[in-house]
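Colleague: Submitted below is the structure of interest, expressed as structure tokens.
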Amino acid sequence: MRPVAALVASQTFAYTGTRLAMIALPWFVLETTGSPAHMGLVTLFELGAYTLARLFVGPLLDRVGQRAVSIRVDLLAAAALAVVPLLFSAGLLPFPVLLLLVTVIGLATGPSEAAKVSLSPFVAAASGVRLERVTGLTGTVDRLSMTVGPVAAGAVVAALGALTALYVNAALMVLAALVTLLLLPRDVEERGRSGPDPEEGDGYLTRLHAGWRAVWGDLPLRTLVVMIMVTNVVDVAVMSLALPVWASEGGWGPQAVGLVAGALGGASVLGSLLAVAVGHRLPRRAVFLAAMVMGGPPRFLVLALDVPLWAVVMVWAVSGVGGGLINPILSAVIFERLPARLVGRGTSMVGALTRVGAPVAAPGIGVLIGLYGVAPVLVGGAVLYLAAVCLPAFGRGARGMERPPARPETAPSPDQLA
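Under the working numbering, the first residue of the sequence shown carries the number 7, and numbering increases by one thereafter.
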């Protein structure tokens, strides 16, 4: 169990640091420049670097190893984070240098998360733990970081200031690297591989293309990628656009946004823990369909209705439980269908492809809300979400959602799962 505990601890430190940076960096920019435009530029450079790095890091993960990459990029992120307050205190931080540093932070945190995610099947094999238990635990960490992380980050920034918060962030990334270095076995990836990589001598682009083929050439994976891309578009549109407009038009104020989102995130932790406890015993495709239907359309539709705030909070909490069940199932399917030699490239490709639609679609959705109002857009989003969910549940790739027929008591190697 030590590899599982090491992975969970490393993710906890790194993800908490990432959520802290999401609050501390923009607040630092606002305090020092007073410019929302500068805040937007910093966010663009950091998130843009994060997305690009996660897309292209796959071949490096499979060649160098997820463990080694995770340690190095966590230390790189820590160094860049610590340099920001150091240079500012010395009066040596012009805005272009800050943009360079936040770009480095994004280039480090993207591969950091990709490396830790793609370690799951190897850790499961090395520990003799079912894959769904490992993905359930890591999914719980992710949900907790999204729920508690921003609240804790806001408290740290308010209590200690943005500069000190950046030092805390750097310390968290160092802790993540140390846990991986000291507690995760050096040969954890090798234990899950059944043979040499036939693409060992190929160039970077060839290996990157192999990751693309592994994802897009597999019907169930391709179906899941399309589904997640569509549902991410709807989710981001609702959370970033429709929810604030709903709160403003209803006179609830910004505190309602935090209350509703907190109910969703807190309940999703319960869903993730439920997946850890009994997820491997439940019919996967049926649970997935029920969780997706429960986790999406109801919370969109309730915003379109004239109901009290407490009712909205309750519906979003129920949806959160469904949402918490989804990621462990999706992660298990992805890892089962990817060959061990392509886990790094495949998971990085999935992560990038599923995120690409949201920023592209967001401006158009904002225009639609302005033209037709928030309620019709919410109803349309619920219908689109439900249609996307039906692809992996009932389409040609539906059988790929099922577990492999033979399930030994201990976790099989990733190659056996492919």
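Yeah, the Cβ is synthetic: ideal placement off N, Cα and C, and Gly gets one too.
Keep in mind that this is a model prediction, so the values were computed, not measured.
Whole angstroms are fine: how far does the CA of Gly272 sit from the CA of Leu26?
Modeller: Whole-angstrom Cα-Cα distance: 18 angstroms.
Colleague: Which same chain residues end up closer than 7 angstroms to Ser151 when comparing Cβ atoms and leaving out the 5 residues on each side of it in sequence?
Modeller: These residues qualify, in order along the chain: Tyr21, Thr22 and Arg25.
Colleague: Would Val35 be called buried (16 or more neighbouring beta carbons within 10 Å of its own) or exposed?
Modeller: By the 10 Å Cβ count, Val35 comes out buried.
Colleague: By how many angstroms is the C-alpha of Gly40 removed from the C-alpha of Leu359?
Modeller: Leu359 and Gly40: Cα-Cα distance of roughly 35 angstroms.
Colleague: Cα separation between Leu6 and Ile111?
Modeller: This structure cannot settle anything about residue 6, because the visible part of the chain is limited to 7 through 424.
Colleague: Only counting runs of 4 or more residues, tell me where the alpha helix (DSSP H) segments fall wholly within the segment 23-64, in order along the chain.
Modeller: List check, alpha helix (DSSP H) in window: 42-62.
Colleague: Roughly how many angstroms lie between the CA atoms of Ala509 and Ala182, to the nearest whole one?
Modeller: Residue 509 lies beyond the range of the chain shown here (7 to 424); nothing can be said about it.
Colleague: Would you mind reading off the limits of the alpha helix (DSSP H) that contains Ala427?
Modeller: In the structure as shown, the chain begins at 7 and stops at 424. Residue 427 is therefore absent and cannot be evaluated.
Colleague: With H, G and I counted as helix, E and B as strand and the rest as coil, what does DSSP make of Gly350?
Modeller: Residue state, collapsed to three classes: helix.
Colleague: Please go through the segment 59-129 and give each complete alpha helix (DSSP H) segment of 4 or more residues, from N-terminal end onward.
Modeller: DSSP runs (the alpha helix (DSSP H)) wholly in the segment 59-129: 64-70, 72-95 and 101-124.
Colleague: In the DSSP assignment, find the alpha helix (DSSP H) that holds Arg291 and state where it starts and stops.
Modeller: Unbroken alpha helix (DSSP H) run through Arg291: Arg290 to Gly301.
Colleague: When the distance is taken between beta carbons, is Ala74 closer than 7 angstroms to Val185?
Modeller: No, these two residues do not count as a Cβ contact at 7 angstroms.
Colleague: Taking Trp33 and Val163 to be in contact with their CB atoms under 8 angstroms, please state how far apart those CB atoms are, rounded to whole angstroms.
Modeller: Indeed they touch by this definition, with Cβ atoms about 5 angstroms apart.
Colleague: How long is the line joining the alpha carbons of Arg405 and Leu295, rounded to whole angstroms?
Modeller: Spanning the two alpha carbons is a distance of roughly 13 angstroms.
Colleague: Would you call the segment 394-401 and the segment 309-318 in contact, with 3 or more CB pairs under 8 angstroms?
Modeller: Contact fails: fewer than three Cβ-Cβ distances are below 8 angstroms.
Colleague: Roughly how far, in whole angstroms, is the beta-carbon of Val90 from the beta-carbon of Leu107, given that I think they are within contact range, below 8 angstroms?
Modeller: Between Leu107 and Val90 the Cβ distance is about 6 angstroms, and since that is below 8 angstroms, they are a contact.
Colleague: Taking the alpha-carbon positions, what's the Thr115 to Ala346 distance?
Modeller: Rounded to whole angstroms, Thr115 to Ala346 spans 23 angstroms at the Cα level.
Colleague: Please find out if some non-hydrogen atom of the ligand ZN comes closer than 6 angstroms to the beta-carbon of Arg305.
Modeller: The ligand ZN is not among the ligands present in this structure, which contains no ligands whatsoever.
Colleague: At what residues does the alpha helix (DSSP H) containing Met233 begin and finish?
Modeller: Per DSSP, Met233 belongs to the alpha helix (DSSP H) from Leu225 to Ala243.
Colleague: Determine the contact status of Gly352 and Ala220, defining contact as a CB-CB distance below 7 angstroms.
Modeller: Taking 7 angstroms as the Cβ cut-off, Gly352 and Ala220 qualify as a contacting pair.
Colleague: Put Gly387 into one of helix, strand or coil per three-state DSSP.
Modeller: Looking at Gly387 - three-state DSSP - the assignment turns out to be helix.
Colleague: Beta-carbon separation of Tyr391 and Gly302 under 7 angstroms?
Modeller: Yes. Within cutoff.
Colleague: By the 10 Å Cβ neighbour count, where 16 or more other Cβ atoms means buried, how is Val284 classified, buried or exposed?
Modeller: When all chains shown are included, Val284 counts as exposed.
Colleague: Below 7 angstroms between beta carbons: does that hold for Thr141 and Ser274?
Modeller: Their beta carbons are not under 7 angstroms apart, which means Thr141 does not touch Ser274 by this criterion.
Colleague: In chain order, what residues of the same chain have a beta carbon less than 7 angstroms from the beta carbon of Val263, not counting five sequence neighbours either side?
Modeller: Leu249, Pro250 and Ala253.
Colleague: Roughly how many angstroms lie between the CA atoms of Phe62 and Trp258, to the nearest whole one?
Modeller: C-alpha separation (whole angstroms): 42 angstroms.
Colleague: Excluding sequence positions up to five away, which residues of its chain have a Cβ less than 7 angstroms from the Cβ of Pro191?
Modeller: Within the same chain, Pro191 has close Cβ partners Pro9 and Ala132.
Colleague: Between the alpha carbons of Leu374 and Leu13, how many angstroms are there, rounded?
Modeller: Near 43 angstroms, if we compare the C-alpha coordinates of Leu13 and Leu374.
Colleague: Could you give the residue range of the alpha helix (DSSP H) that holds Trp258?
Modeller: Where Trp258 is concerned, there is no enclosing alpha helix (DSSP H), given that its DSSP letter is neither H nor E.
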